[in-house]
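For reference, the structure is listed below as structure tokens.
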Amino acid sequence: MKTENKTLNIAGKKIQLTILGEGPPLLYLHSAGGETEPIDFHKKLAEKYTVYLPAHPGFALSEGLDQIDDIHDLAWHYVDLMQQLNLENVPVVSWSLGSWLAAEIKLIRPNLIGPLVMIAAAGLHVDGAPMAELFLDSFDELRELLFFDPNCQIAFDLTPSDVNDPRILLWLRAREATARVGWNPYLHDPKLAGHLHRLDSPIHIIWGRQDKLIPLAHGEYYVEHLPNAKLTILEECGHMVPYEKTEETAKLTLDFLASA
């Protein structure tokens, strides 16, 4: 599969960008976990699209976190990035933090984002269904929180085993960058719910029924308040949807984008 690694200069910030596949453009906005290197889910999308996979400031090799104080700064950063890449009315696939970010971008520049897939989206406060605490120091507790089966091999493959794990530095960078935009208020924008009626693109919301980090009630709230959205619930699936249900999520995504 054709893969290209680039470094962009976006308003003075050095940004890591991976491009994979060939076909019409698609933008992928990653989660707080920082899946900034191609994973199987990305590769499935790249069978039909040219997938643009930027790392948010502070993740992987991207710099410029000092210029980001909240989700709105991050959204404006992506306005600059998308304009530099000549991406307009582009399909967007997003996960968790990335889905919240996609919604914020769409609000300030509606023409940039076309059909949108939001997987286990952050961004809301839902009464009676609070988000769990993501900023955990125990990797065992983190696996328990994120995965339907915390003892599956992929759960251990994706989380550092201890502080001597070579991936710990990237994990800590990702956590710091997430805290920058999602510490207070905790991983939501208090004003977002009141703006959802303005997000009029076709939107497909995908959620794991057993998501312990962001309860399914958040997906139900999104679909009830977005004007053109549908919700698909995946069984025996936690928050790590693109890893736990790779084939199903890729097929749902590609089918939706083909018909949107």
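Just so we're aligned, residue 0 is where the sequence shown starts under numbering that gives the first Met the number 0, counting upward by one.
Each residue gets a CB set at the ideal place from its N, CA and C atoms; glycine is no exception.
In this text the structure is predicted, and so the values were computed from the model without any measurement.
Listed in chain order, the alpha helix (DSSP H) runs fully inside the stretch 22-56 are 39-44, counting runs of at least 4 residues. Our two residues, P241 and A249, have alpha carbons roughly 8 Å apart in a direct line. In terms of Cα proximity to A121, the closest of H187, R142, I153 is H187. Excluding the 5 residues flanking it on each side, I70 has same chain C-beta neighbours closer than 7 Å at W99, L100, E103, V180, D188, in chain order. With fewer than 16 other Cβ atoms from the protein chains shown falling within 10 Å of its own Cβ, M0 counts as exposed.
In the structure shown, K12 adopts extended strand secondary structure according to DSSP, grouped into three states. Proximity of the stretch 72-83 to the stretch 107-120 meets the contact definition, three or more beta-carbon pairs being nearer than 8 Å. Looking from the CA of A257, the closest CA among I202, H238, Y220 belongs to I202.
Distance from D210 to A119 at the Cβ level is roughly 6 Å; contact confirmed, criterion being Cβ atoms closer than 8 Å. If you ignore the 5 residues before and after A128, its C-beta comes within less than 7 Å of the C-beta of P214, A216, H217, all in its own chain and listed in chain order.
Within the same chain, D139, R142, E143 come within 8 Å of P149 by CB-CB distance, once the 5 residues on both sides are set aside.
Rounded to the nearest angstrom, the gap between the Cα atoms of Q152 and C236 is 15 Å. Taking the Cα positions, L64 is about 32 Å away from E46. The closest CA to that of I14, considering only L169, P53, V91, is found on P53. Each of A10, V50, Y27 was checked against the Cα of L19, and the nearest Cα belongs to V50. Straight-line measurement puts the Cα of G33 at about 16 Å from the Cα of D164. If the five residues before and after T2 are omitted, its C-beta is found closer than 6 Å to the C-beta atoms of L19, all from its own chain and listed in chain order. Sequence-distant partners of L60 (beyond 5 residues in either direction) whose C-beta falls short of 6 Å from its own C-beta, in its chain, are Q15. If you draw a straight line from the Cα of D136 to the Cα of E175, it is about 13 Å long.
The continuous alpha helix (DSSP H) containing G181 extends over residues 167-181. Listed as beta-bridge partners of H187 by DSSP are G122. In the displayed model, T17 falls within a strand according to three-state DSSP. Counting along the chain, K105 sits inside the alpha helix (DSSP H) bounded by residues 96-107. When beta bridges are read from the DSSP output, M117 appears opposite S93, I204.
By the Cβ neighbour-count rule, A173 is buried, with 16 or more other Cβ atoms within 10 Å of its own. About 17 Å separates the beta carbon of F134 from that of M239, a gap too long to meet the 8 Å contact definition.
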